[in-house]
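Below is one structure, written out as structure tokens; comments come after it.
Numbering (full-length UniProt numbering), first residue to last: 1 to 339.
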């Protein structure tokens, strides 16, 4: 059994329960450190209430809401990159209470040396890598756009946002030429993009295409972009009185802009009422498979997102000879070896 293989590698994956008795989001990993002490790292999950035993770390891979940093950021046991901490504070108007590091640095968590690597999913998005007492190399990726910097590992914990190889929508390439053409069409243009992650990537692409004018956006998107990007150029508000140029707003706010403005959504989803330009912050199904092959883990655990894609990606990996389990196969029963 693959779960037995994980135990043999000195790693226990478990799902903890909250105060209502239901499973908390995502997973925790239990292992022994080099001193033989039992450690628990909770990954992209909500905090455990104070009256219960706390994990040694809440690892926050990035600041999107479905990775639960809004909750974990209030714990002194939280760990993330500096840009992720900054984004969490801007997005949720709360003070980050944990520890942080520059992306690419190594952090010490109760004696365990944890190395961080960029995944390019958002500004500051970080993968976490460490070894346990038997030398098992553990890598947690979070969501991934570019896996080229990630190191080989023995146990891989990763995502499957577009991990269903049978779904045509999970196969794509970024339509950079389409976005560039839309940008330089005559007249004002608006791009629908989520305030954190996609909006900043849109600004980077727009500047890379050679546009040096003002980019107009909502206040919090503007604050996030200025904090995340060093060369964002001129950013202006939506209330500047100008209705010409380039706009970036949330997809659901496109209808609030003037009716005669050209409007596009930057997404791989096809359910918006506006034309879609395929620009993604994720690897597609082929990219995810290529990543796993290159990292060459003994076991791959697929932990994100909700729904059936983790199971589908895990089944696909098993079908091509890569040992994998998905989050729906993980319970909260502990092995005696780890008590």
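Virtual Cβ for every residue (Gly too), placed ideally from N, Cα, C.
Under the assumption that residue i contacts residue j (Cβ atoms under 8 Å), give the Cβ distance between them as a whole number of angstroms.
i           : j           : result
residue 72  : residue 112 : Not really, about 18 Å apart at Cβ, beyond 8 Å.
residue 126 : residue 158 : About 14 Å; that fails the 8 Å criterion.
residue 76  : residue 97  : 5 Å
residue 176 : residue 153 : Incorrect: roughly 31 Å between the Cβ atoms, too far for contact.
residue 288 : residue 142 : Actually they are not in contact, since the Cβ atoms of residue 288 and residue 142 sit about 13 Å apart, beyond 8 Å.
residue 297 : residue 156 : 4 Å
residue 40  : residue 32  : Not really, about 11 Å apart at Cβ, beyond 8 Å.
What residues in its chain sit with their C-beta under 6 Å from that of residue i, if we drop five residues either side in the sequence?
i           : result
residue 134 : 10
residue 227 : 86
residue 160 : 302, 309, 310, 313
residue 291 : 147
Which partner residues of residue i appear in the DSSP bridge assignment?
i           : result
residue 217 : 248
residue 176 : Residue 176 pairs with nothing; no bridge assigned.
residue 294 : Beta-bridge pairing links residue 294 to no other residue.
residue 130 : 138
residue 304 : 159
For the candidate residues the options, whose alpha-carbon lies nearest to that of residue i?
i           : options          : result
residue 249 : 269, 225, 322    : 225
residue 51  : 78, 200, 127, 19 : 19
residue 79  : 92, 89, 57       : 57
residue 351 : 315, 321, 306    : Residue 351 is absent from the model: the chain starts at 1 and stops at 339.
residue 236 : 230, 244, 214    : 214
residue 67  : 40, 4, 121       : 121
residue 179 : 202, 195, 48     : 202
residue 60  : 110, 116, 211    : 116
Count the other CB atoms, across all protein chains shown, that sit within 10 Å of the CB of residue i; report buried if there are 16 or more and exposed otherwise.
i           : result
residue 302 : buried
residue 150 : buried
residue 319 : exposed
residue 234 : exposed
residue 324 : buried
residue 317 : buried
residue 270 : exposed
residue 181 : exposed
residue 294 : exposed
residue 35  : exposed
residue 53  : exposed
residue 124 : buried
residue 131 : buried
residue 22  : exposed
residue 284 : buried
residue 256 : exposed
residue 6   : buried
Cutting at 8 Å between CB atoms, please list the residues of its own chain near residue i, excluding the five before and the five after it.
i           : result
residue 223 : 90
By Cβ distance, which residues of its chain are closer than 7 Å to residue i, with the 5 residues on each side in sequence left out?
i          : result
residue 95 : 89
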